[in-house]
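Residue numbers (my numbering): 3 to 382. From the three backbone atoms N, C-alpha and C, an ideal C-beta is built for every residue, glycine too. Here is the structure we will look at.
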């Protein structure tokens with residue numbers, strides 16, 4: 003359900019977004035449409051791929067125009083911004099993210115976009131030192147941010163948002179390393195077991211991307227560049243350790259939830275390059291206990307001041323997680339059914355598409371348009 007927003011004037015101007023079926027961007031589209039923006043929404047295709055139903059839903063919203071085509075096409079990129087007012091841009095690692103991200107920013111600047119919001123991520127080597135491992139899918143987004151700051155910021159007001167780890171990383175369809183929850187043996191009390199390489203007290207920032215990205219971005223646009231130009235804003239509404247996450251899920255589901263610290267296990271075929279990212283994440287946050295965001299960014303205060311209606315992990319686990327699990331073929335929520343619901347590896351491989359990887363601490367959930375996060379997603 004889309005978060006309730008205050009009623010506003012129907013003359014909000016035109017908002018440009020790309021990679022429209024990603025978790026972050028689809029959230030922005032829903033809220034922007036509801037409060038009166040005209041939305042020009044790019045996606046590669048509205049008629050093929052695993053997100054056709056979502057594309058159709060977004061295209062049916064009031065004042066939403068779907069623009070089909072590749073972001074490697076200069077005509078698509080240049081025409082996106084003509085006559086538009088503001089933009090929310092979340093690029094992905096599919097293709098040359100730096101080339102696409104810089105081309106989008108240049109086209110927006112040439113079109114006179116009044117406020118450009120770019121979804122960035124941390125380059126830990128540049129922000130925290132060469133002793134830390136390189137996260138390739140995050141570093142490209144940070145490189146785009148650096149280009150905008152050095153070449154375009156003086157001419158195009160820009161704000162940079164940093165997504166936390168997606169709550170729905172814990173949903174099991176994609177068998178995401180670091181986040182997958184296993185069903186525990188009923189003889190041991192049932193419930194769930196989460197195995198990951200993080201210390202029990204290591205705190206990480208979390209975001210319900212589908213529920214909270216849209217309202218937060220729209221509030222940033224409402225505040226305008228006079229308040230946010232050049233700023234980095236952490237979009238994370240909770241700061242939780244594995245111990246706290248276990249307690250949260252247990253309360254929400256009324257089931258035992260056990261966290262076990264252990265080396266990462268890769269149980270399914272991952273997209274090209276993703277394995278490198280996953281292993282680096284395990285080292286960065288498991289071994290080095292590195293900060294998720296760049297220096298100077300704090301959690302969760304700034305995000306909560308921007309959007310007070312955020313949905314926490316406990317509400318997600320209670321209200322949304324069982325629905326996602328059922329959709330993904332799991333049956334644990336039905337006491338009268340057997341839990342024979344673990345998918346074969348070949349089924350898992352089909353879950354990855356070229357649209358989004360969101361949700362690691364990076365948000366890594368795989369889909370069009372979020373490269374944000376596989377422990378930040380797009381799509382922690």
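Return the CA-CA distance between residue 328 and residue 335, expressed in angstroms with no decimal places. Here residue 328 refers to the residue found at position 326 of the chain shown. Here residue 335 refers to the residue found at position 333 of the chain shown. Residue 328 and residue 335: Cα-Cα distance of roughly 8 Å.
Going by the beta-carbon positions, is the gap between residue 193 and residue 260 smaller than 9 Å? The sequence position of residue 193 within the chain shown is 191, counting from 1. The sequence position of residue 260 within the chain shown is 258, counting from 1. Closer than 9 Å, so yes.
Out of 315, 20 and 304, which has the shortest C-alpha to C-alpha gap to residue 163? On the chain shown, residue 163 is found 161 positions in, with the first residue counted as 1. Of the candidates 315, 20 and 304, the one whose C-alpha sits nearest the C-alpha of residue 163 is 304.
In whole angstroms, what is the alpha-carbon distance linking residue 105 and residue 166? Along the chain shown, read from residue 1 onward, the residue named residue 105 stands at position 103. Along the chain shown, read from residue 1 onward, the residue named residue 166 stands at position 164. If you take the alpha carbons of residue 105 and residue 166, they lie about 25 Å apart.
Residue nearest to residue 234 in terms of C-alpha spacing, selected from 298, 138 and 127: Reading the chain shown from its first residue, position 232 is the one you call residue 234. Per the Cα distances, 298.
By the DSSP assignment, the alpha helix (DSSP H) with residue 215 in it spans what residues? Taking the chain shown and counting its residues from 1, one reaches residue 215 at position 213. Residue 215 -> alpha helix (DSSP H) spans 211-225.
Bridge partner(s) assigned by DSSP for residue 207: Walking along the chain shown from the start, residue 207 turns up at place 205. Partner(s): 241.
Could you tell me the alpha carbon to alpha carbon distance between residue 124 and residue 148, rounded to whole angstroms? In the chain shown, the residue the question calls residue 124 occupies position 122. In the chain shown, the residue the question calls residue 148 occupies position 146. Between residue 124 and residue 148, the C-alpha separation is close to 11 Å.
How many Å lie between residue 200 and residue 113 at the Cα? Start at 1 with the first residue of the chain shown, and residue 200 comes out as number 198. Start at 1 with the first residue of the chain shown, and residue 113 comes out as number 111. Going from the Cα of residue 200 to the Cα of residue 113 covers about 45 Å.
May I ask which residues mark the beginning and end of the beta strand (DSSP E) holding residue 117? To locate residue 117, count along the chain shown from 1; it is residue 115. It spans 117-122 - the beta strand (DSSP E) in which residue 117 sits, taken as one unbroken run.
Assign residue 263 to one of three DSSP states: helix, strand, or coil. Reading the chain shown from its first residue, position 261 is the one you call residue 263. Note: residue 263 maps to strand in three-state DSSP.
By how many angstroms is the C-alpha of residue 172 removed from the C-alpha of residue 52? Counting from one through the chain shown, the residue named residue 52 turns up at place 50. Counting from one through the chain shown, the residue named residue 172 turns up at place 170. Near 20 Å, if we compare the C-alpha coordinates of residue 172 and residue 52.
Just how far apart, CA to CA, sit residue 62 and residue 41? Counted from its first residue, the chain shown places residue 62 at position 60. Counted from its first residue, the chain shown places residue 41 at position 39. Taking the straight line joining both Cα atoms gives about 12 Å.
What is the rounded straight-line gap between the Cα of residue 82 and the Cα of residue 170? Taking the first residue of the chain shown as 1, we reach residue 82 at position 80. Taking the first residue of the chain shown as 1, we reach residue 170 at position 168. Between residue 82 and residue 170, the C-alpha separation is close to 30 Å.
Residue 324 in three-state terms, based on DSSP: In the chain shown, residue 324 corresponds to position 322, counting from 1. The answer is helix: DSSP assigns residue 324 an H, G or I state.
Suppose you measure from the CA of residue 2 to the CA of residue 72; what does that come to, to the nearest Å? No answer is possible for residue 2: it lies beyond the span of the chain, which begins at 3 and ends at 382.
Let me confirm a value: residue 133 is counted as buried when at least 16 other C-beta atoms fall within 10 Å, else exposed. Which label applies? Against the chain shown, residue 133 aligns to sequence position 131. Burial call: exposed.
If I follow the unbroken beta strand (DSSP E) through residue 196, where does it start and stop? Residue 196 sits at position 194 when you count from the first residue of the chain shown. Run containing residue 196: 194-198, per the beta strand (DSSP E) assignment.
Look at the alpha carbon of residue 178 and the alpha carbon of residue 302, and state the distance between them as a whole number of angstroms. Along the chain shown, one-based indexing puts residue 178 at 176. Along the chain shown, one-based indexing puts residue 302 at 300. Rounded to the nearest angstrom, the two C-alpha atoms are 25 Å apart.
Going by DSSP, what residue range makes up the beta strand (DSSP E) through residue 142? Position 140 of the chain shown holds residue 142. Careful: residue 142 lies outside any beta strand (DSSP E), inside the alpha helix (DSSP H) at 138-149.
Take the Cβ of residue 22 as the centre, count every other Cβ of all protein chains shown within 10 Å, and call the residue buried at 16 or more, exposed below. On the chain shown, position 20 is the one that residue 22 refers to. Burial call: buried.
Where residue 272 and residue 280 are concerned, what is the direct C-alpha to C-alpha distance, given to the nearest angstrom? Position 270 of the chain shown holds residue 272. Position 278 of the chain shown holds residue 280. Spanning the two alpha carbons is a distance of roughly 10 Å.
Let's see if you can read the secondary structure: which residues bound the beta strand (DSSP E) around residue 292? The sequence position of residue 292 within the chain shown is 290, counting from 1. Taken as a continuous stretch (DSSP letters only), residue 292 belongs to no beta strand (DSSP E), as it is neither H nor E.
Taking CB distances under 9 Å as the criterion, tell me whether residue 311 reaches chain B. In the displayed structure, chain B is absent; only one protein chain is listed.
According to DSSP, what are the bridge partners of residue 89? Locating residue 89 in the chain shown gives position 87, where the first residue counts as 1. Residue 89 is bridged to 18 and 118.
Alpha carbons only, please: which of 17, 236, 46 and 217 is nearest the one belonging to residue 121? The residue given as residue 121 occupies position 119 in the chain shown. Of the candidates 17, 236, 46 and 217, the one whose C-alpha sits nearest the C-alpha of residue 121 is 236.
How long is the line joining the alpha carbons of residue 224 and residue 76, rounded to whole angstroms? Within the chain shown, numbered from 1, the residue matching residue 224 stands at position 222. Within the chain shown, numbered from 1, the residue matching residue 76 stands at position 74. Going from the Cα of residue 224 to the Cα of residue 76 covers about 30 Å.
Is it right to say residue 277 is buried, meaning 16 or more other beta carbons lie within 10 angstroms of its own, or is it exposed? By 1-based counting over the chain shown, the position of residue 277 is 275. It is exposed - the Cβ of residue 277 has fewer than 16 other Cβ atoms within 10 Å.
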